[in-house]
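One structure is given here, and the rest of the page talks about it.
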Amino acid sequence: MDSDVGILPQKDFYKNLNMNLKLKLIAFAGVILFSSSSLKAQTTDQTLPPSRMEAAQQMLIALGIDKQFGTIITNQIDVASNQVPDDKKVAFKRVMNTFMNKYFTWDSLKNKMAAIYANEFTEDELKQITTFYNSPVGQKVGQKLPALTQNAMMVGQEAVAAHKDELQKMMEDEFSQKTDPPTVKQQVSPAPKKAGSKIPVKH
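Note that this note's numbering has the sequence shown beginning at 22, numbered continuously upward.
Written out as structure tokens, the structure reads:
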């Protein structure tokens, strides 16, 4: 049935969202895309020695990232779903899980993730880090890291949420002084349009 959120068609789910929620989803997707482009920029700078790349992957495996990758993504989606109305949460999580499990898996990202560490550490340093993570204390760090990361993110979100009214007022005060708030196009091309002028049309 259409009223069953669990089987709500994806296109209808997105179509029925209000504008505020659509903006939040776009922002969430934007963070993902920006992170991906940043990751690509960091990992294509140079050709890294295969042995160092292997050492970096072994370090990540020792940390448990290969096993916790799904958990980390699930936690991210759970946090994002807090911005979604209760009757849309199931559909939202289903769509996001389908998308993330297609493009954000350990197998598809392990080389790029390893390259980040291989760019910053020598092969010997990576092996020393791996030794630490294979120790009892290092294993505990690896087990606790996803929850610690999520808690740290929530601290930041709560700090912003606690002062959202102040932020809203600051925005209103800023834009109330302008008859025409800046658009993205104006920021790229800040030259003001002359009164009575027409925008040239390309034929």
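Here a beta-carbon is modelled for each residue, glycine too, at the ideal position from N, C-alpha and C.
Do the stretch 84-97 and the stretch 154-169 make contact, defined as three or more Cβ pairs closer than 8 Å?
-> Flag = yes, the stretch 84-97 and the stretch 154-169 touch.
Pull up the distance between the alpha-carbon of Y138 and that of Q178, whole angstroms please.
-> Counting from 1 along the sequence shown, the entry for residue 138 is found at position 117. Counting from 1 along the sequence shown, the entry for residue 178 is found at position 157. Distance between the alpha carbons of Y138 and Q178 is about 27 Å.
Where do the ends of the alpha helix (DSSP H) carrying P70 lie?
-> Position 49 of the sequence shown holds residue 70. Here P70 belongs to no alpha helix (DSSP H), and DSSP marks it neither H nor E.
Delimiting residues of the alpha helix (DSSP H) encompassing Q178 = Locating residue 178 in the sequence shown gives position 157, counting from the first residue. First-last of the alpha helix (DSSP H) with Q178: P157 to A183.
Please report how far the alpha carbon of Q79 lies from the alpha carbon of A136, in whole angstroms.
-> As a position in the sequence shown, residue 79 is number 58, starting the count at 1. As a position in the sequence shown, residue 136 is number 115, starting the count at 1. Distance between the alpha carbons of Q79 and A136 is about 12 Å.
Got a sec, what are the start and stop residues for the alpha helix (DSSP H) Q97 sits in?
-> As a working mapping, residue 97 is identified with position 76 in the sequence shown. Where Q97 is concerned, the enclosing alpha helix (DSSP H) stretches over I86 to S102.
Neighbourhood of M121 by C-beta, 6 Å cutoff - its chain only, sequence neighbours within 5 removed = Taking the sequence shown and counting its residues from 1, one reaches residue 121 at position 100. Shown here for M121: same chain residues with a beta carbon closer than 6 Å to its own, the five before and five after excluded, namely I94 in chain order.
Does the count of Cβ pairs from the stretch 110-120 and the stretch 171-189 closer than 8 Å reach three?
-> The stretch 110-120 is not in contact with the stretch 171-189.
Beta-carbon proximity list for P106, same chain, < 6 Å, skipping 5 on both sides = On the sequence shown, residue 106 is found 85 positions in, with the first residue counted as 1. None.
Which residue's Cα is closest to the Cα of G85: N132, D128, E195 and G163?
-> Locating residue 85 in the sequence shown gives position 64, counting from the first residue. Nearest C-alpha to G85: G163.
Looking at the structure shown, is T152 part of a helix, part of a strand, or coil, going by DSSP?
-> Residue mapping note: residue 152 aligns to position 131 of the sequence shown, counting from 1. Residue state, collapsed to three classes: helix.
Under 8 Å Cβ to Cβ from M175, same chain only, skipping five residues before and after it: list those, please.
-> Counting from one through the sequence shown, the residue named residue 175 turns up at place 154. Counting only Cβ-Cβ distances below 8 Å, and skipping sequence neighbours, we find V100.
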